[in-house]
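A.B. asks: Each residue of the sequence shown is one higher than the one before, counting from 1 in full-length UniProt numbering. Every residue, glycine too, gets a C-beta built ideally from N, C-alpha and C. One structure is given below, represented as structure tokens, and several questions about it will come after.
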Amino acid sequence: MAWLFKFRSTKRLFLLCPTWFLEPKLRKEYKDNPFFLTSLGGSFSFDRIQIQQIKSLVCDKGVRKICIVANPQCKFIQNIIKPESLYSTTTEELLAKIYHKKYDDIQNEKSFKDKCLRLSILHAEFQIAVLRSKPDISSLFEDYNLEISIVINHTPEVTRTKG
1 MAWLFKFRST KRLFLLCPTW FLEPKLRKEY KDNPFFLTSL GGSFSFDRIQ
51 IQQIKSLVCD KGVRKICIVA NPQCKFIQNI IKPESLYSTT TEELLAKIYH
101 KKYDDIQNEK SFKDKCLRLS ILHAEFQIAV LRSKPDISSL FEDYNLEISI
151 VINHTPEVTR TKG
């Protein structure tokens, strides 16, 4: 039997860190040929070049949904919650500012895992606010009915054994 309707897929743009290696997982989960824009720690400056890349993907490639990936397993986030070895990156500076501003909210969480989850979501919310504040992007939300959301990575941590 031939299909009477052709289902349209929503083209997505995922914003994430390249060191998380989540692209294969997201491609498998979202079978709509997703696009990826990467930055260390999933922290974007949304400079002129990044804005132009996003505009091009929306206008030329048909992206209709931007997904900010929140990753509680991110080493930068874990190092802010429980400092071990800081790398002095702009990502850590931003995360530290968010952490200090929302300290009580984060500390109200019971476990280390939940604190990391809370900080990763707060970071993603901050990224959304910055992105929406860019005039070139804010016009795309209206003109192209663009959506934005947070995708939380729940990939279990890989346990390594010595041997």
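(1) Express the C-alpha separation of Lys25 and Leu37 in angstroms, rounding to a whole number.
(2) From Ile51 to Ile77, what does the alpha carbon distance come to, in whole angstroms?
(3) Taking the beta carbon of Tyr103 as the centre, do at least 16 other beta carbons fall within 10 Å, making it buried, or is it exposed?
(4) Name the residue from Ser9, Glu23 and Arg64 whose alpha carbon lies nearest to the alpha carbon of Ile137.
(5) Using the rule of at least 16 other Cβ atoms within 10 Å of the residue's Cβ for burial, across every protein chain shown, is Leu16 buried or exposed?
(6) Pull up the distance between the alpha-carbon of Gly62 and that of Ile148, whole angstroms please.
(7) So, at 8 Å on beta carbons, what are the nonlocal neighbours of Phe35 in its own chain, with the 5 sequence-adjacent residues on each side left out?
(8) Check whether the stretch 81-99 touches the stretch 128-147, counting contact only when three or more Cβ pairs, one atom from each stretch, lie closer than 8 Å.
(9) Taking Cβ to Cβ, would you say Ser120 is nearer than 7 Å to Asn71?
(10) Given that a residue counts as buried once 16 or more other Cβ atoms are within 10 Å of its Cβ, and exposed if not, what is Leu122?
(11) Hey, could you find the ends of the alpha helix (DSSP H) Glu147 is sitting in?
(12) Are the CB atoms of Ile68 and Ala124 within a distance shorter than 7 Å?
(13) Give me, in chain order, the residues of the same chain whose beta-carbon lies closer than 8 Å to that of Asp32; leave out the 5 immediate sequence neighbours on both sides.
(14) DSSP state of Cys116, grouped into three classes?
(15) So, with DSSP's three-state summary, where would you put Ser88?
C.D. replies: Once the coordinates are examined:
(1) 15 Å
(2) 25 Å
(3) In this structure Tyr103 is exposed. Its beta-carbon is surrounded by fewer than 16 other beta-carbon atoms within 10 angstroms.
(4) Arg64
(5) buried
(6) 14 Å
(7) Lys11, Arg12, Leu13, Phe14, Leu57, Lys61 and Val63
(8) no
(9) yes
(10) With 16 or more other Cβ atoms within 10 Å, it is buried.
(11) Premise fails: Glu147 lies in the beta strand (DSSP E), Glu147 to Ile152, not in any alpha helix (DSSP H).
(12) yes
(13) Ser9, Thr10, Lys11 and Arg12
(14) helix
(15) coil
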